[in-house]
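Q: Listed in order, the protein sequences are those of chains W and B. Using my numbering, you'd call the opening residue of the first sequence number 1336 and step up by one each time. Using my numbering, you'd call the opening residue of the second sequence number -18 and step up by one each time. Just so it is clear, CB atoms sit at the ideal spot from N, CA and C, and this is done for glycine as well. Since we're looking at a predicted model, the values are computed, not measured. Let me give you the structure first, and then I'll get to my questions.
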Amino acid sequence: EVQLVESGGGLVPPGGSLRLSCAASGFTFTTYWMHWVRQVPGKGLVWVSRLNGDGSATRYADSVKGRFTISRDNAKNTLYLQMNSLRAEDTAVYYCAREGGDQALDFWGQGTLVTVSS
Amino acid sequence: DIVMTQSPDTLAVSLGERATINCKSSQSVLYSSNNKNYLAWYQQRPGQPPKLLFYWASTRESGVPDRFSGSGSGTDFTLTISSVQAEDVAVYYCQQYYSTRTFGQGTKVEIK
């Protein structure tokens, strides 16, 4: 059974940093592109970033470029999102998601809440 | 960036009635080399993460009930629920993956 479990969310002041993790199981992690998507509570979904299977190719939304870094440790079956220079508008639930062979996001974690506030 | 616009924002339907959700992209998401529309639909029930319903605009994900259907091509797409059930109460999102990824703003389906 495919499972994605996010962790690392919490309360952080503006300008602070946080690293999110997404532990994957139930599939061959290294062969899948992975994504981060965020959602302000009560609002819509916003794509954040993606990373290919060996970690060599990244893409970011303009809103996080230069502040967030996506990475993975295939030996630990874990995806990461390093978030620096956090702003109030980064407050959201962050989901990790797997990109299936058809390129849609076929499995999602339960999400972890990041709150940026003083 | 490709902008995705859904309509309506909210849809109230009676149990057993048909629900139709529209999604329009600011540019075509049809890739001419393979004739595939890079468009997916997701369902997000309250308190849950999104769930994939359709990819390539009309290919149903395994396990999705056949009362759900996806259609359209180019810039105009539709998600239809032929006979709405109580468990279909959710927010539905379209997403293009032709150029990075963008989501529509969501359509909330509720029971009248």
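Which residues in the same chain as residue 1388 of chain W place their Cβ atom closer than 7 Å to its Cβ, once the five residues preceding and following it in sequence are excluded?
A: Within the same chain, residue 1388 of chain W has close Cβ partners 1365, 1366, 1367, 1368.
Q: Where does residue 88 of chain B fall in DSSP's three states?
A: Looking at residue 88 of chain B - three-state DSSP - the assignment turns out to be strand.
Q: Between residue 46 of chain B and residue -8 of chain B, what straight-line distance do the alpha-carbon atoms span, to the nearest angstrom?
A: Between residue 46 of chain B and residue -8 of chain B, the C-alpha separation is close to 20 Å.
Q: Straight-line CA distance for residue 1390 of chain W to residue 1363 of chain W?
A: Rounded to the nearest angstrom, the two C-alpha atoms are 15 Å apart.
Q: By Cβ distance below 8 Å, which residues in the same chain neighbour residue 1484 of chain W in space, the five residues on each side in sequence not counted?
A: For chain W, the structure presents residues 1336 to 1453; residue 1484 of chain W sits outside this window and is missing.
Q: Given a cut-off of 8 Å on the beta-carbon distance, is the pair residue 11 of chain B and residue 3 of chain B in contact?
A: Not closer than 8 Å, so no.
Q: Can you pull the chain W residues whose beta carbon is under 7 Å from the beta carbon of residue 94 of chain B, in chain order?
A: Residue numbering for chain B in the displayed model covers -18 to 93; residue 94 of chain B lies beyond these limits and cannot be assessed.
Q: Considering only the alpha carbon of each residue, which of W:1432, W:1438, W:1431 lies closest to residue 80 of chain B?
A: The candidate whose alpha carbon is nearest that of residue 80 of chain B is W:1438.
Q: In this structure, how does DSSP classify residue -14 of chain B when only helix, strand and coil are distinguished?
A: DSSP places residue -14 of chain B in strand when its eight states are reduced to three.
Q: Have a look at residue 1440 of chain W and residue 1386 of chain W and give me their C-alpha separation to the nearest angstrom.
A: About 13 Å.
Q: Which residue from W:1336, W:1442, W:1337 puts its Cα closest to that of residue 36 of chain B?
A: Among W:1336, W:1442, W:1337, the Cα nearest to that of residue 36 of chain B belongs to W:1442.
Q: Give every residue of the same chain whose Cβ lies closer than 6 Å to the Cβ of residue 1352 of chain W, excluding the five residues on either side of it in the sequence, and list them in chain order.
A: Answer for residue 1352 of chain W: 1419, listed in chain order.
Q: Check each candidate in B:-17, B:23, B:27, B:-2 and name the one with the smallest Cα separation from residue 6 of chain B.
A: It is B:-17.
Q: Do we get a CB-CB distance below 8 Å when we pair residue 86 of chain B with the residues of chain W?
A: Residue 86 of chain B counts as touching chain W.
Q: Taking 7 Å as the limit between beta carbons, can you name the residues of its chain near residue 77 of chain B, skipping five residues before and five after?
A: These residues qualify, in order along the chain: -17, -15, 6, 10, 19, 20, 83.
Q: By the DSSP assignment, the beta strand (DSSP E) with residue 1408 of chain W in it spans what residues?
A: From DSSP, the beta strand (DSSP E) with residue 1408 of chain W extends over 1403 to 1408.
Q: For a contact meaning CB atoms closer than 7 Å, what does residue 12 of chain B contact in chain W?
A: What residue 12 of chain B touches in chain W: nothing, since even the nearest Cβ is about 11 Å away.
Q: Can you tell which of W:1402, W:1357, W:1372, W:1344 has the C-alpha that lies nearest to the C-alpha of residue 1409 of chain W?
A: Residue W:1357 is the option with its Cα nearest to residue 1409 of chain W.
Q: What is the DSSP secondary structure of residue 1364 of chain W, reduced to helix, strand or coil?
A: The answer is helix: DSSP assigns residue 1364 of chain W an H, G or I state.
Q: Does the distance from the CB of residue 1429 of chain W to the CB of residue 30 of chain B come in under 8 Å?
A: No. Outside cutoff.
Q: Would you kindly work out how many angstroms separate the C-alpha atoms of residue 51 of chain B and residue 1383 of chain W, rounded to a whole number?
A: Each residue's Cα considered, the two are about 26 Å apart.
Q: Can residue 1280 of chain W and residue 74 of chain B be called in contact, C-beta distance under 8 Å?
A: It is not possible to answer for residue 1280 of chain W, since the shown part of chain W is limited to 1336 through 1453.
Q: Hey, how far is the Cα of residue 1433 of chain W from the Cα of residue 1370 of chain W?
A: Taking the straight line joining both Cα atoms gives about 6 Å.
Q: On the DSSP letters alone, give me the boundaries of the beta strand (DSSP E) that residue 1415 of chain W sits inside.
A: Unbroken beta strand (DSSP E) run through residue 1415 of chain W: 1413 to 1418.
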